[in-house]
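Asker: Sharing a structure below in structure tokens format, with a few things to ask.
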Amino acid sequence: MPARASRGLASATRSRYTPTSTRGCWLRPPVTGTPRSPASNGPGTPTPVSTTRSGLVEWSATPTGRSTRKHLSGTRVSATTWATAESARTDRCPPPDDDAKRKAVPLTTSIRPARFSWFLPLSPDVHHIGTWPPECGTPDLPRLTSIAQTAEDAGCSELLVPTTFDNDLEAFTTAAAVLSRTSRVGALIAVRPNQLHPCQAAHMVASLEAIFPGRIRLNVTTGGWAEDRWIGDTDDRESRLSRLSEWLELLTRVLYDGRPVHHHGTWYNAEGMRLRVPPGRRIPLAMSGSSPQARQALSQHGSEYLMFAAPREQVVREVRALRATPGLPPDIKVTMRAHLVVRETTDEAWAAAHEITSQVSERVLATVQAQRHAPGSQRTRQSALSAGNDLVVGPNLWAGIGTARFGASIALVGDPEQITERLTEFREDGVDGFILSGYPKLEEAQVFRDVLVPSLRARGLMGGRHGDGTRAADV
1 MPARASRGLA SATRSRYTPT STRGCWLRPP VTGTPRSPAS NGPGTPTPVS
51 TTRSGLVEWS ATPTGRSTRK HLSGTRVSAT TWATAESART DRCPPPDDDA
101 KRKAVPLTTS IRPARFSWFL PLSPDVHHIG TWPPECGTPD LPRLTSIAQT
151 AEDAGCSELL VPTTFDNDLE AFTTAAAVLS RTSRVGALIA VRPNQLHPCQ
201 AAHMVASLEA IFPGRIRLNV TTGGWAEDRW IGDTDDRESR LSRLSEWLEL
251 LTRVLYDGRP VHHHGTWYNA EGMRLRVPPG RRIPLAMSGS SPQARQALSQ
301 HGSEYLMFAA PREQVVREVR ALRATPGLPP DIKVTMRAHL VVRETTDEAW
351 AAAHEITSQV SERVLATVQA QRHAPGSQRT RQSALSAGND LVVGPNLWAG
401 IGTARFGASI ALVGDPEQIT ERLTEFREDG VDGFILSGYP KLEEAQVFRD
451 VLVPSLRARG LMGGRHGDGT RAADV
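Quick note, in full-length UniProt numbering, the sequence shown goes up one by one and the last residue is 475.
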């Protein structure tokens, strides 16, 4: 496929994802929280609207659905159409805007480019989530390489490599294989303290850094998944946070002390551990969590805070709370994890989104429902967003993904201009980067590259040929 055959790719995408009938599509809600009903909001009936405040931005909507955005200082920033009275109809998906296919035009903007990353799947790379058994098998190295190379070509700075005992493939092994077949993109490798002794983790990280200089980062998480019991781990949340602190302390000493490390702690011991080839730089650590213990660990060891996508007002609150953390270094970066469904028109995007969850099995649905309220992490808040019948939680924000999987549940759904607008707003709210993905990862990486990236670059949200011009080592 030619690298820039965007129209051919869009046609292929439409034929793969767009259903012949829009029956059963979830609808975008009115601008306000006023309930809809066919009697009150039929075709041609204006949707109730109001003015709401979200973070540092004021939204004003008119009965025609035209929405304007202004800083609270009164300075107009931009205007966008995200809802129309017609979208209140109950028999169809949201219609595209009249100008949905207009080309991106470079704008004068002072916003700094964001960092963009993609997700590397270590389990079946499916078109539909929630099927059982999965509709395809374990991704092989050629497919993983294609995903990485497409993300690299699109300007992504790195790949998030997830970790769980339930994955088909192991994170460090897969990351090494994929990095050997790319030249620029880095790997953000997830690891949990209950998976690796910190001395072993330090050795693995230092080895990868020696082989792929400047392309390795760690995403340290606390765990809390049901499959932790596979290795006899039944620790509660407080125990996991205690282990996290000691794990990070010992990992840091082994990586950077430059002499044999002796450690006798609650969770780990070390007798003279040292690295023969220590890393030539400090390996950036990305972390998440809102508890005091997690924020303290971030302040002491982290360089980046990871958060799930959420409605804008929630994002603003979370970023403000993070920045108010005592002792937090001012240069801590904030990165948002989100799913992406972007098409040339709004109508196509929403049809593609609903197709993703069109084949969820009863078994998967029951499993997700049973574990929806597992305590103690951002997963709980994500599950709450997907718990109700109204799965549209904001302009171009859809929580339908969370009905059939754990973790990140929010997808950005819309045409290139709409998605660019939403990402720009998050950037204005203090988000420095985005880790995106779609279903399936390879095909959606191609759509991201050919359909969305030109709009991001025209807006100034993404830098030149290779993203924002930084390598993994710089962020």
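Cβ coordinates follow ideal geometry from the N, Cα and C atoms, glycine included. Please read all numbers here as calculations on a predicted model, not as lab measurements.
1. Cβ atoms of alanine 309 and alanine 426: under 9 Å apart, would you say?
2. Kindly indicate which residue of Thr164, Gly327 and Ala171 has the alpha-carbon position closest to the one of leucine 144.
3. May I ask you to verify whether the segment 285-302 touches the segment 320-335, counting CB pairs closer than 8 Å and requiring at least 3?
4. Terminal residues of the continuous alpha helix (DSSP H) containing tyrosine 256?
5. Just how far apart, CA to CA, sit cysteine 156 and arginine 281?
6. Rounding to the nearest angstrom, what Cα-Cα distance links valine 315 and alanine 154 in this structure?
7. Run through DSSP, which three-state label would serine 67 get?
8. Say yes only if the C-beta of alanine 171 is nearer than 8 Å to one or more non-hydrogen atoms of the ligand ZN, and no if none qualify.
9. In whole angstroms, give me the CA-to-CA distance for asparagine 269 and proline 198.
10. Do the CB positions of valine 431 and alanine 114 come within less than 9 Å of each other?
11. Whose CA, out of Ser239, Asp236, Leu322 and Leu255, lies closest to the CA of proline 279?
12. With a 10 Å radius around its C-beta and 16 neighbouring C-beta atoms as the bar for buried, classify leucine 141 as buried or exposed.
13. Confirm, please, whether the CB-CB distance from proline 284 to glutamate 304 is below 9 Å.
14. Pick out whichever of Leu423, Ile231 and Gly272 has its Cα sitting closest to the Cα of proline 193.
15. Report the rounded CA-to-CA distance for arginine 457 versus proline 121, giving the unit in angstroms.
16. Using DSSP's beta-bridge definition, name the partner residues of alanine 411.
17. Enumerate, from N- to C-terminal direction, the unbroken alpha helix (DSSP H) stretches of 4 or more residues contained entirely within the segment 112-164.
18. Going by beta-carbon coordinates alone, are serine 291 and leucine 241 separated by less than 9 Å?
19. Give the DSSP-derived three-state secondary structure of valine 431 in the structure shown.
20. Just reading off the alpha helix (DSSP H) that histidine 203 is part of, what are its end residues?
21. Which residue from Ala148, Asn167 and Glu158 puts its Cα closest to that of threonine 138?
22. Please state if the CB of leucine 340 and the CB of isoleucine 111 are separated by a distance shorter than 9 Å.
23. By Cβ distance, which residues of its chain are closer than 7 Å to valine 413, with the 5 residues on each side in sequence left out?
24. Suppose you measure from the CA of valine 185 to the CA of isoleucine 211; what does that come to, to the nearest Å?
25. Considering leucine 298, what are the terminal residues of the beta strand (DSSP E) in which it resides?
26. Would you tell me roughly how many angstroms separate the C-alpha atoms of glycine 400 and valine 453, rounded to the nearest one?
27. I need the DSSP call for glycine 460, collapsed to helix, strand or coil.
28. From the DSSP output, read off the bridge partner residues of alanine 321.
29. Under 8 Å Cβ to Cβ from valine 277, same chain only, skipping five residues before and after it: list those, please.
30. Which class does leucine 285 belong to by DSSP, given the choice of helix, strand or coil?
31. Using DSSP with H/G/I as helix, E/B as strand and the rest coil, what is arginine 217?
32. Within 10 angstroms of its Cβ, does glutamate 417 collect 16 or more other Cβ (buried), or is it exposed?
33. For valine 360 versus threonine 420, is the C-beta spacing smaller than 9 Å?
34. With distances taken from CA atoms, which of Ser123, Tyr439, Val319 and Gly223 is nearest leucine 196?
35. On a CA-only basis, which of Cys136, His127 and Phe116 is nearest glutamate 357? Give me that one, please.
36. From serine 117 to arginine 459, what does the alpha carbon distance come to, in whole angstroms?
Answerer: This is what the structure holds:
1. Residue mapping note: residue 426 aligns to position 426 of the sequence shown, counting from 1. Residue mapping note: residue 309 aligns to position 309 of the sequence shown, counting from 1. First, the residue type needs correcting, since residue 426 is phenylalanine and not alanine in the sequence shown. Their beta carbons are under 9 Å apart, which means phenylalanine 426 touches alanine 309 by this criterion.
2. The sequence position of residue 144 within the sequence shown is 144, counting from 1. That would be Ala171, whose Cα lies nearest to the Cα of leucine 144.
3. yes
4. Here the question's residue 256 lines up with position 256 in the sequence shown. Note, tyrosine 256: alpha helix (DSSP H), 237-256.
5. Within the sequence shown, residue 156 is the residue found at index 156, counting from 1. Within the sequence shown, residue 281 is the residue found at index 281, counting from 1. Roughly 22 Å separates the two Cα atoms.
6. Taking the first residue of the sequence shown as 1, we reach residue 315 at position 315. Taking the first residue of the sequence shown as 1, we reach residue 154 at position 154. About 26 Å.
7. Within the sequence shown, numbered from 1, the residue matching residue 67 stands at position 67. Confidence in serine 67 is poor, its pLDDT being 38 and thus under 50, which makes the residue's placement too unreliable to answer from.
8. Among the components of this structure there are no ligands whatsoever, and the ligand ZN is therefore not found.
9. For the purposes of this step, residue 269 is taken as the residue at position 269 of the sequence shown. For the purposes of this step, residue 198 is taken as the residue at position 198 of the sequence shown. Each residue's Cα considered, the two are about 10 Å apart.
10. By 1-based counting over the sequence shown, the position of residue 431 is 431. By 1-based counting over the sequence shown, the position of residue 114 is 114. Contact flag set, yes.
11. The count along the sequence shown starts at 1 and reaches residue 279 at position 279. Checked all of Ser239, Asp236, Leu322 and Leu255; the closest Cα to proline 279 is Leu255.
12. Position 141 of the sequence shown, counted from the first residue, corresponds to residue 141. Looking at its Cβ environment, which holds fewer than 16 other Cβ atoms inside 10 Å, leucine 141 is exposed.
13. Along the sequence shown, read from residue 1 onward, the residue named residue 304 stands at position 304. Along the sequence shown, read from residue 1 onward, the residue named residue 284 stands at position 284. Contact flag set, yes.
14. Reading the sequence shown from its first residue, position 193 is the one you call residue 193. Cα-wise, what sits closest to proline 193 is Ile231.
15. Translated into the one-based positions of the sequence shown, residue 457 becomes position 457. Translated into the one-based positions of the sequence shown, residue 121 becomes position 121. Each residue's alpha carbon lies about 26 Å from the other.
16. On the sequence shown, position 411 is the one that residue 411 refers to. Per DSSP, His339 and Trp398.
17. 141-154
18. Your numbering for residue 291 matches position 291 in the sequence shown. Your numbering for residue 241 matches position 241 in the sequence shown. Yes, the Cβ-Cβ distance between serine 291 and leucine 241 is below 9 Å.
19. Reading the sequence shown from its first residue, position 431 is the one you call residue 431. If DSSP states are grouped into helix, strand and coil, valine 431 belongs with coil.
20. In the sequence shown, residue 203 corresponds to position 203, counting from 1. Here the alpha helix (DSSP H) through histidine 203 covers 198-211.
21. Residue numbering aside, residue 138 sits at position 138 when the sequence shown is read from its first letter. When only C-alpha atoms are compared, the closest one is Asn167.
22. Position 111 of the sequence shown, counting from 1, holds the residue named residue 111. Position 340 of the sequence shown, counting from 1, holds the residue named residue 340. Not closer than 9 Å, so no.
23. Sequence index remark: in the sequence shown, residue 413 carries index 413 (1-based). Cβ neighbours of valine 413 beyond the five flanking positions: Val341, Ala349, Trp350, Ala353, Asn396 and Trp398.
24. For the purposes of this step, residue 185 is identified with residue 185 of the sequence shown, where counting begins at 1. For the purposes of this step, residue 211 is identified with residue 211 of the sequence shown, where counting begins at 1. The alpha-carbon atoms of valine 185 and isoleucine 211 are separated by roughly 14 Å.
25. For the purposes of this step, residue 298 is taken as the residue at position 298 of the sequence shown. First-last for leucine 298: 292-301, but that is the alpha helix (DSSP H), not the beta strand (DSSP E).
26. Here residue 400 corresponds to residue number 400 of the sequence shown, with the count starting at 1. Here residue 453 corresponds to residue number 453 of the sequence shown, with the count starting at 1. Roughly 24 Å between the two C-alpha positions.
27. By 1-based counting over the sequence shown, the position of residue 460 is 460. Three-state result, glycine 460: coil.
28. The sequence position of residue 321 within the sequence shown is 321, counting from 1. Note: alanine 321 sits in no beta bridge, so no partner.
29. Taking the first residue of the sequence shown as 1, we reach residue 277 at position 277. So the list reads Ala206, Ser207 and Ala210, once near-sequence residues are dropped.
30. Working through the sequence shown from its first residue, we reach residue 285 at position 285. Residue state, collapsed to three classes: strand.
31. The count along the sequence shown starts at 1 and reaches residue 217 at position 217. Strand, per DSSP.
32. Position 417 of the sequence shown, counted from the start, is the residue given in the question as residue 417. Buried, since its Cβ has 16 or more Cβ neighbours within 10 Å.
33. The residue you call residue 360 lines up with position 360 of the sequence shown. The residue you call residue 420 lines up with position 420 of the sequence shown. Going by C-beta atoms, valine 360 is not nearer than 9 Å to threonine 420.
34. Here residue 196 corresponds to residue number 196 of the sequence shown, with the count starting at 1. Minimum Cα distance to leucine 196 is reached at Gly223.
35. Position 357 of the sequence shown, counted from the first residue, corresponds to residue 357. Checking the sequence shown, residue 357 turns out to be threonine, not glutamate. Nearest C-alpha to threonine 357: His127.
36. Walking along the sequence shown from the start, residue 117 turns up at place 117. Walking along the sequence shown from the start, residue 459 turns up at place 459. Distance between the alpha carbons of serine 117 and arginine 459 is about 18 Å.
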